[in-house]
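Trainee: Once you know that position 1186 of the sequence shown is 1186 in our numbering, the rest is easy, because the numbers rise by one and skip nothing. Glycine residues also receive a C-beta, built at the ideal position from the N, C-alpha and C atoms. Dumping the structure here so I can ask a few things about it.
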Amino acid sequence: MDAGHDLLARYRRMQHRWDFDQSISHFEHALDICPMDHPCRPAALFNLATAKFVSCQANETYPNFDIPISIFQDALELRPTGHPDRPATQLHLAIALLSRFMKQGFLTDADAAEELLSKVLNVCHANSLIHRAALLAIETSAGSTTANDLGQEQPTASIRPLPLNQLVDMTVQYIATCMLAEYCYVIWVIALCREVLPFHPVGRTFRWGALNNLTNALFTRFEYRGNDEDLDEAITLRREALALHPIGPTDWSRSLNDLAGRLSTRFDRRGNDEDLDEAITLHREALALHPVGHTDRYWLLNDLADLDEAIALHREALALCPIGHTDQSRLLNNLAKQLSTRFEHQGNAEDLDEAIVLQSDALALRLVGHPDRSQSLNDLANCLHTHFKWEALALHTVGDTDRSLSLNNLAVQLSTRFGHRGNGEDLDEAIAHHREALALRPVSHTDRYWSLNNLAGRLSTRFEHRGNDEDLNEAIAHHREALALCPVGHTDRSRSLTDLAGRLSTCFEHRGKDEDLDEAMALLSEALALCPIGNDEDLDEAIALHREALALRPVGHIDRYLPSNNFASQLYIRFETRGNDEDLDEAIALHREVLALLPGLSSSFQHRRSNDEEMEEAIALHREALALCPLGHTNRSLSLYGLAVQLGIRFDHQGNDEDLDEAIALHREALALYPVGHADRPWSLNGLADRLSTRFDHRGRVKDLNKSRDVLHCLLTLLTQHDPHQLRVHQSLAEVCLLFHRSRLDGNGPDEDIDSLNAAMDHFQAAANIVSGCLLPRLLHSHGTELEACTTTMRLLDTHMPATASVSSRHNVMSHFPSMFAVDAASCALRSGDVHRAVELLEQGRTVIWTQMTRLRTPLDDLQTRGDHAVTLMKRFKDLSSLLDKPPASRPEGTPRVDIEAEEIRYRHLVEDWNGAVEEIRKIEGFSRFLLPPLFSDLQDAARDGPIIMLIATKWSCNAIIILHKQPPTSIQLPTNFEKLKRLMLALQEAVEKDASPKGSQPALVKTLRELWNNVVRPVVENLGEFAQRGSRIWWCPTSLFNFLPLHAAGEYRANGESLSQQYTSSYTPSLTALMRARKSHDRSLSVFFTAIGQNRPAGALSTLDSVEPELELVRSLLLHPPTVSFTKITSIDATKSRAQCALRDNTWVHFACHGTQKFDEPFNSAFHMRDHPLSLLNITQMDLSRHQFAFLLACETAVGVPRSPDEVIHLAAGLQFAGVKSVVGTLWKVNDNTVQRLVKEFYTNLCGDGKMNSKRAARALHRAAQSLARDKDMPLDQHIVFMHIGV
């Protein structure tokens, strides 16, 4: 029911029909769950009846009051005589009956209503609200019955004594003065007034009164709802009433004044100067009707403004008000406020003195119990406080014990004025006064702590504006002393910890010392521990109270903006705490309402920028904020910068040149307002340089690029030696230099303008050498780079990756990295003629995540023979690697941020220690390249059992590199390009998805495989002839788009046509390093431990895989018998995630038969589906499978990579190989049950047919099995090429 009330209240404010319908639904649901004997059923009936009654009032054309009346009657029956809520129910039922009587004219309704109202009067106290409302309803019903019966203006001889017009007047007056009636009563009165008005046509005597009544009722509803239509209609009707009113009577001036008040209200809402001018004119006209000496002149004078004129008029009004008049205190208070305002603007002490006297007189007239006494006390206190602050210092000479307090107060005032006007002299004087105050408060002084904090705060402010290191150092020193004055247990220790941490963080940002950041984090951790955890119930209660407060100030209320703003702030706090989008949406709506209520003010609320509409709104708000910051305003530079940034963002989205030009102009103006030394000047320079570079990109204006470079060089000179922000500046300068290099390469050839290229490299190297700050921004070059830049960036990426704790976080880092970077870098090396470097860059940049994982599992047996120091280093390295290799502990929801940050610091220190151990190991003879990226000479060992073909596809060219064991590599430019490959990949995907014809033919698939043969595979085969014998093995190491093409299946597919499978046995490898690691021999057991894991109905599956059990039994029958093979099988309900992990860990040969999925957005969540939970790739990577020989993955898409990730080899099959499995068979797409049975039989027959089990034979066994399937003309082509072999 509470939700229903909230929605109904919001409907009354906002008039959104959806809210109203939902409120009725909530009330109906509440009634449904309250049976006949439930104690809450009467309330549920009453609430539903009220909502239905409001619905009838909203539908003025065809209202049906029968339903709410019936429900009110049901509620009344359940509230017998003596029930505390019976009178209220009777009152509402009576009003509903009267409303039906007004529409339909049944006198029985009027009689029943009168009877109910009489009963209410008999049981309620005469001063109660219900009694007064019932009495008003009786009087009103009398008038309405008379008008309905007789259709005339004059009163009738009836037991109902008052004429209709007079009773409506009473109703309106009651609502307007008491403000206690419900919203529905307001609507009822408006409806009544509208029915009365036709009985007073133009020319009738009483039309003026009828118009006034309707005007007052409309304005009352406006105060509830804030609907501008009500205000406009009220003003229109008031004009008509004024035109009907004869000039001269005593109430003419009040009519003028009333219309002026309505116009003033509309001006406050819309800011239309015409309304304000007319209101002033009407006030002056009303004043002219009351000459000096008139008894009512004082309250008219009180309405006129303009500060000096207002003070003169307030004086006259006060002089005219008789002593003892009830308005005298109000007039004294008004004049005092105006004088105080003039003092604040002009500084005339006489105004302040007089204001204090007047406030004292007003307070004397407002005795204890007076409703305005608290306001008078507050106003007088404010005046006295202001007077004290400005005179106190003059009263305290040097040496006076209170002088320090006066100095402090004056300093605070000067700081405040600096914040408003930006005058540096005020800030300097404030600091001087704070210093003197501190000197007067020795170490033992009780207020020294506050003096230290105040002085430190002002020094920090000056540092932010001028960048003087001495100010920052002194501020930190004062904060340290203040903290020392707050021992553990002191109430202010938390604040002191936070203040010092803030200054240390500023110091870190400025100088880049990690010690400052670590100390700041430690201080904040201690401060957080001293602050109790916020109680969610308190926050919820606060929000509920804010809702109630807001409901008491309906739309249109003059003070509505304040509770709206407070309510929005609380909702935003809850959004930040719980992440509920509804809270954020409501907060944004309330902030927009505040903006509408306060024209000229812009919201500082930062909301989402998810679409063009919100971006346009953001720009509009920034423009409005800028308009409020004229020249000389301290925040103008910030507003200029903010608007420039937003316009730059819109240019990036929409490409409007005007936005870019305006952004640059605003950046220039903002920069002019930041003096040298200002903390924000560097970022203003950076913003200007960035946009100038952008304009050069779009228009080619060399002077923009020159200016951008000059600005960045200027910015670099402003930064200290250890400032971590140098990183961004060096990166920007490198990109600008590359733009110079490229723009001139276009016309001058590759050998010219080497200076620009060298300068770019210098800045890239400088960025690489900066140890502080986040490493990742160094890597994100938005422009292509030359070879040295590629090398530098690879090194930076390799440095950054260990700093992230989890595999998923490392992948998240990689997802922000340019997706083709490694391949582009290799292509760059090929264009430079350096094939060796191309291979090294590919190896280093495509397997970063796997490389980091395997480094932590590196065997160090050779170190044992290098002495005690080497053995100690080996143990230290293993211990640290073991700690780093552990998956991060899962954090329960609500884990304090301080605990998370502490864990991150601990991990970072572990990484630093691990790096230190690695550096020490590299100092040992023979270990100088320990864990460094391998050189090409090392990588060649991967090809000792056969050639490896690396395939590269970029926008510049498509290449194949043939790597041989003892010979130089061969680079081949393929007769295709990136776009053709992309079309080929898409065509292949479409062809595979199409069903084969009844004869098994798939012409579209054949066409793609022919193109693959002609443009990719055949050129390679033609070059392999002299290096590899026919029938031997070759390995493919594809990159980019090549990862999604079945290279092993390429061929002409015609009679006597050529194909790859006729000439070579193909395997794949995700990287050269992975293949080399798989070849390292381990002592093999004489017995083969083989497990078959099958799941025919995983969690969430709607159907059963009927082929799983027969498949596993077939595998059992084809394997060798014990003791050669020890076979175990887990299936069905036994095949849970934990059982599968145990089986995978304990057996060196494994066969999976289950569902499998590849998650492109989160590849480490790719998984085999078990009975309870998926066995994910992430789970597999955390296992040591270095002694495992073979894995057969009969699940869909187990060897499909991630197209948008630069580390493209993140799939289940590759994961098993990187975890240590030497030989893996996976699938490229969906496999049919019939294919599975036949392929399994052929594969294991070939693998085990001679009585031996050797994982190195898996590739040939798969090759022969696929050839066997190919001889079946009825089998679809896609099914006998779906399998691929990875590894040795």
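Taking its Cβ as the centre, do 16 or more other Cβ atoms sit within 10 Å of G1100, making it buried, or is it exposed?
Mentor: Here residue 1100 is taken as the residue at index 1100 of the sequence shown, counted from 1. Exposed: under 16 other Cβ atoms inside 10 Å.
Trainee: Tell me whether L932 is buried or exposed, calling it buried when 16 or more other Cβ atoms sit within 10 Å of its Cβ.
Mentor: What you label residue 932 is simply residue 932 of the sequence shown in a count that begins at 1. Burial call: exposed.
Trainee: Rounded to the nearest angstrom, how far is the Cβ of F1168 from that of L1175, given a contact under 8 Å?
Mentor: For the purposes of this step, residue 1168 is taken as residue 1168 along the sequence shown, with counting starting at 1. For the purposes of this step, residue 1175 is taken as residue 1175 along the sequence shown, with counting starting at 1. Confirmed, Cβ separation roughly 5 Å.
Trainee: From L332, L739 and S732, pick the residue whose C-alpha is nearest to that of A766; which is it?
Mentor: Within the sequence shown, residue 766 is the residue found at index 766, counting from 1. Minimum Cα distance to A766 is reached at S732.
Trainee: Give the single residue among K1222, D1250, Q1279 and N1254 whose Cα lies nearest to the Cα of R1238.
Mentor: Taking the first residue of the sequence shown as 1, we reach residue 1238 at position 1238. Closest by alpha carbon: Q1279.
Trainee: Could you tell me how far apart the beta carbons of I1180 and I1130 are, in whole angstroms, since I believe they sit closer than 8 Å?
Mentor: Residue numbering aside, residue 1180 sits at position 1180 when the sequence shown is read from its first letter. Residue numbering aside, residue 1130 sits at position 1130 when the sequence shown is read from its first letter. So it is not a contact: roughly 17 Å between Cβ atoms.
Trainee: Check F1192 in the structure and name its three-state DSSP category.
Mentor: Residue mapping note: residue 1192 aligns to position 1192 of the sequence shown, counting from 1. DSSP places F1192 in strand when its eight states are reduced to three.
Trainee: Can you give me the C-alpha to C-alpha distance between I311 and D516, rounded to a whole angstrom?
Mentor: Translated into positions along the sequence shown, residue 311 becomes position 311. Translated into positions along the sequence shown, residue 516 becomes position 516. Whole-angstrom Cα-Cα distance: 57 Å.
Trainee: Does the separation of the CB atoms of V1224 and I1286 fall below 8 Å?
Mentor: On the sequence shown, position 1224 is the one that residue 1224 refers to. On the sequence shown, position 1286 is the one that residue 1286 refers to. Result yes, Cβ atoms of V1224 and I1286 sit closer than 8 Å.
Trainee: Using 8 Å for Cβ pairs, my map puts L964 next to P975. What's the rounded Cβ distance?
Mentor: One-based indexing of the sequence shown puts residue 964 at position 964. One-based indexing of the sequence shown puts residue 975 at position 975. Actually they do not touch by this definition, with Cβ atoms about 23 Å apart.
Trainee: For G489, count neighbouring C-beta atoms within 10 Å of its own C-beta (all shown protein chains included) and say buried if the count is 16 or more, exposed if not.
Mentor: Your numbering for residue 489 matches position 489 in the sequence shown. Flag for G489 reads exposed.
Trainee: Whole alpha helix (DSSP H) runs in the stretch 1024-1072 with 4 or more residues, listed along the chain?
Mentor: Those alpha helix (DSSP H) runs which fall completely within the stretch 1024-1072 and span 4+ residues are 1060-1063.
Trainee: If you drop the 5 nearest sequence neighbours on each side, which residues of the same chain put their C-beta closer than 7 Å to that of F46?
Mentor: Stepping through the sequence shown from its first residue, residue 46 is reached at position 46. Hits under 7 Å: A75 and T89.
Trainee: Within the same chain, show all residues whose beta-carbon is closer than 6 Å to that of A1191, passing over the 5 residues directly before and after it, in chain order.
Mentor: Within the sequence shown, the letter at position 1191 stands for residue 1191. So the qualifying residues of the chain are V1150, L1216, V1221 and V1224.
Trainee: Can you tell me which of the three DSSP states M985 falls into?
Mentor: Working through the sequence shown from its first residue, we reach residue 985 at position 985. Note: M985 maps to helix in three-state DSSP.
Trainee: Can you have a look at P84 and say buried or exposed, based on whether 16 or more other CB atoms are within 10 angstroms of its CB?
Mentor: Residue 84 sits at position 84 when you count from the first residue of the sequence shown. Per the 10 Å Cβ criterion, exposed.
Trainee: How about I921 and F978: are their beta carbons less than 8 Å apart?
Mentor: Position 921 of the sequence shown, counted from the first residue, corresponds to residue 921. Position 978 of the sequence shown, counted from the first residue, corresponds to residue 978. No. Outside cutoff.
Trainee: What residues match up with L951 in a beta bridge as DSSP calls it?
Mentor: Translated into positions along the sequence shown, residue 951 becomes position 951. According to DSSP, L951 bridges with A960 and P1038.
Trainee: Among the residues of its own chain, which have a CB less than 6 Å from the CB of I69, if the five just before and after it don't count?
Mentor: In the sequence shown, counting from the first residue as 1, residue 69 sits at position 69. Contacts found: A96.
Trainee: Compute the beta-carbon to beta-carbon distance between I843 and L939, rounded to the nearest angstrom, for a pair I have assumed lies under 8 Å.
Mentor: Position 843 of the sequence shown holds residue 843. Position 939 of the sequence shown holds residue 939. Going by the sequence as given, residue 843 is Glu instead of Ile. Going by Cβ atoms, the distance from E843 to L939 rounds to 6 Å, so yes, they are a contact pair.
Trainee: Identify whether H781 lies in helix, strand or coil by the three-state DSSP scheme.
Mentor: Along the sequence shown, read from residue 1 onward, the residue named residue 781 stands at position 781. Legend: pLDDT at H781 = 37, less than 50; position of this residue unreliable, no value from coordinates given.
Trainee: Would you mind giving the Cβ-Cβ distance between V914 and S881, rounded to the nearest angstrom? I have them listed as a contact below 8 Å.
Mentor: Working through the sequence shown from its first residue, we reach residue 914 at position 914. Working through the sequence shown from its first residue, we reach residue 881 at position 881. The question names Val, but residue 914 in the sequence shown is Trp. Going by Cβ atoms, the distance from W914 to S881 rounds to 7 Å, so yes, they are a contact pair.
Trainee: What separation, rounded to the nearest whole angstrom, lies between the Cα atoms of N216 and A234?
Mentor: Sequence index remark: in the sequence shown, residue 216 carries index 216 (1-based). Sequence index remark: in the sequence shown, residue 234 carries index 234 (1-based). Cα to Cα, the separation comes out at about 7 Å.
Trainee: Please name the residue in G82, Y1064, Y1068 and E1111 whose C-alpha comes closest to that of W1035.
Mentor: Position 1035 of the sequence shown, counting from 1, holds the residue named residue 1035. Out of G82, Y1064, Y1068 and E1111, Y1068 has the C-alpha closest to the C-alpha of W1035.
Trainee: By alpha-carbon positions, which one of A1213, S708, L78 and H478 ends up nearest to P39?
Mentor: To locate residue 39, count along the sequence shown from 1; it is residue 39. Nearest option by C-alpha distance: L78.
Trainee: Tell me, which residues are paired with S1223 by DSSP?
Mentor: Here the question's residue 1223 lines up with position 1223 in the sequence shown. Bridge partners of S1223: F1190 and G1287.
Trainee: Under the rule that 16 or more other beta-carbon atoms within 10 Å means buried, what is T81, buried or exposed?
Mentor: Stepping through the sequence shown from its first residue, residue 81 is reached at position 81. Result: exposed.
Trainee: Secondary structure at Q1095, three-state DSSP: helix, strand or coil?
Mentor: The residue you call residue 1095 lines up with position 1095 of the sequence shown. Three-state result, Q1095: coil.
Trainee: For the beta strand (DSSP E) containing A430, name the first residue and the last one.
Mentor: Numbered from 1 along the sequence shown, position 430 holds the residue referred to as residue 430. From DSSP, A430 is part of no beta strand (DSSP E) but of the alpha helix (DSSP H) over G424 to A439.
Trainee: Three or more C-beta pairs closer than 8 Å, one from the stretch 672-682 and one from the stretch 450-465: is that the case here?
Mentor: With a cut-off of 8 Å, the stretch 450-465 and the stretch 672-682 count as touching, because enough Cβ pairs lie within range.
Trainee: Is the stretch 1236-1256 in contact with the stretch 1055-1071, if contact means three or more CB pairs nearer than 8 Å?
Mentor: Flag = no, the stretch 1236-1256 and the stretch 1055-1071 do not touch.
Trainee: Determine the extent of the alpha helix (DSSP H) in which H478 is found, giving its start and end residues.
Mentor: For this step, residue 478 is matched to residue 478 along the sequence shown. Looking at the DSSP string, the run of the alpha helix (DSSP H) that includes H478 is D469 to A484.
Trainee: How about N334 and D379: are their beta carbons less than 8 Å apart?
Mentor: Position 334 of the sequence shown, counted from the first residue, corresponds to residue 334. Position 379 of the sequence shown, counted from the first residue, corresponds to residue 379. No; because the gap between Cβ atoms is not below 8 Å, this pair is not in contact.
Trainee: For R866, which residues in the same chain have their Cβ closer than 7 Å to its Cβ, ignoring the five residues on either side in sequence?
Mentor: Start at 1 with the first residue of the sequence shown, and residue 866 comes out as number 866. Excluding positions up to five away in sequence, the list reads I924.
Trainee: Considering only residues of the same chain and omitting the five flanking positions on each side of D230, which have a CB-CB separation below 8 Å?
Mentor: Your numbering for residue 230 matches position 230 in the sequence shown. Here the set comprises L218, F219, R221 and F222.
Trainee: Could you give the distance in angstroms between the alpha-carbon of E669 and the alpha-carbon of L621?
Mentor: For the purposes of this step, residue 669 is taken as residue 669 along the sequence shown, with counting starting at 1. For the purposes of this step, residue 621 is taken as residue 621 along the sequence shown, with counting starting at 1. Spanning the two alpha carbons is a distance of roughly 19 Å.
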